[in-house]
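Residue numbers (our numbering): 86 to 240.
Think of the CB as a built atom: it goes at the ideal place given N, C-alpha and C, for glycine as much as any other residue.
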């Protein structure tokens with residue numbers, strides 16, 4: 086996973102900065118997914134919920150859905166929480182005090198220092214996540230929260 090992230094951010098780091106060395110993870114290869122399929126409200130997010138249920142079956146107790154910022158995380162949480170009953174799992178946002186297991190929606194700032202079995206980064210595009218050095222650091226934080234699996238939902 087760390088090699089995937091480093092490849093994405095390498096051109097945005099100043100020459101005098103060394104690329105970050107992440108903690109070695111023995112997870113699956115990073116999967117890039119189509120945003121139009123996974124974040125489609127018209128089908129009640131069926132494809133996303135299917136992925137989340139599959140991750141639960143694979144033993145993921147903690148799943149983070151990380152958006153670019155708090156506004157995006159809030160917006161997606163509000164849309165998806167309407168269909169929470171389809172998931173058979175608790176859904177939380179970054180303001181929740183009692184997250185232990187389930188799916189949590191947050192941004193990289195609130196994810197920093199935490200680890201999750203599975204991380205899903207939403208609405209990924211070059212312009213949104215890899216536009217400058219600050220964006221690259223934010224993407225690095227989001228992507229390196231994954232212990233076992235990292236999914237990138239591309240815009």
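What span of residues does the beta strand (DSSP E) with residue i cover, start to end?
i, result
"residue 202", "201-209"
"residue 177", "176-178"
Would you identify the three-state DSSP class for residue i, choosing helix, strand or coil?
i, result
"residue 124", "coil"
"residue 234", "strand"
"residue 223", "helix"
"residue 117", "strand"
"residue 184", "coil"
Could you give the C-beta distance for residue i and residue j, rounded to a whole number, given that I count them as a contact under 8 angstroms?
i, j, result
"residue 112", "residue 232", "7 angstroms"
"residue 241", "residue 165", "Outside the displayed range of the chain (86 to 240) lies residue 241, so it cannot be described from this structure."
"residue 188", "residue 174", "6 angstroms"
Going by DSSP, what residue range makes up the alpha helix (DSSP H) through residue i?
i, result
"residue 194", "193-196"
How about residue i and residue j: do their beta carbons lie closer than 8 angstroms?
i, j, result
"residue 118", "residue 239", "yes"
"residue 159", "residue 183", "no"
"residue 134", "residue 162", "no"
"residue 140", "residue 230", "no"
"residue 149", "residue 191", "yes"
"residue 213", "residue 153", "yes"
"residue 115", "residue 205", "no"
"residue 207", "residue 145", "no"
"residue 147", "residue 209", "no"
"residue 172", "residue 138", "yes"
Task: alpha helix (DSSP H) runs contained entirely in the stretch 121-173, provided each spans 4 or more residues - done: 131-142 and 155-166
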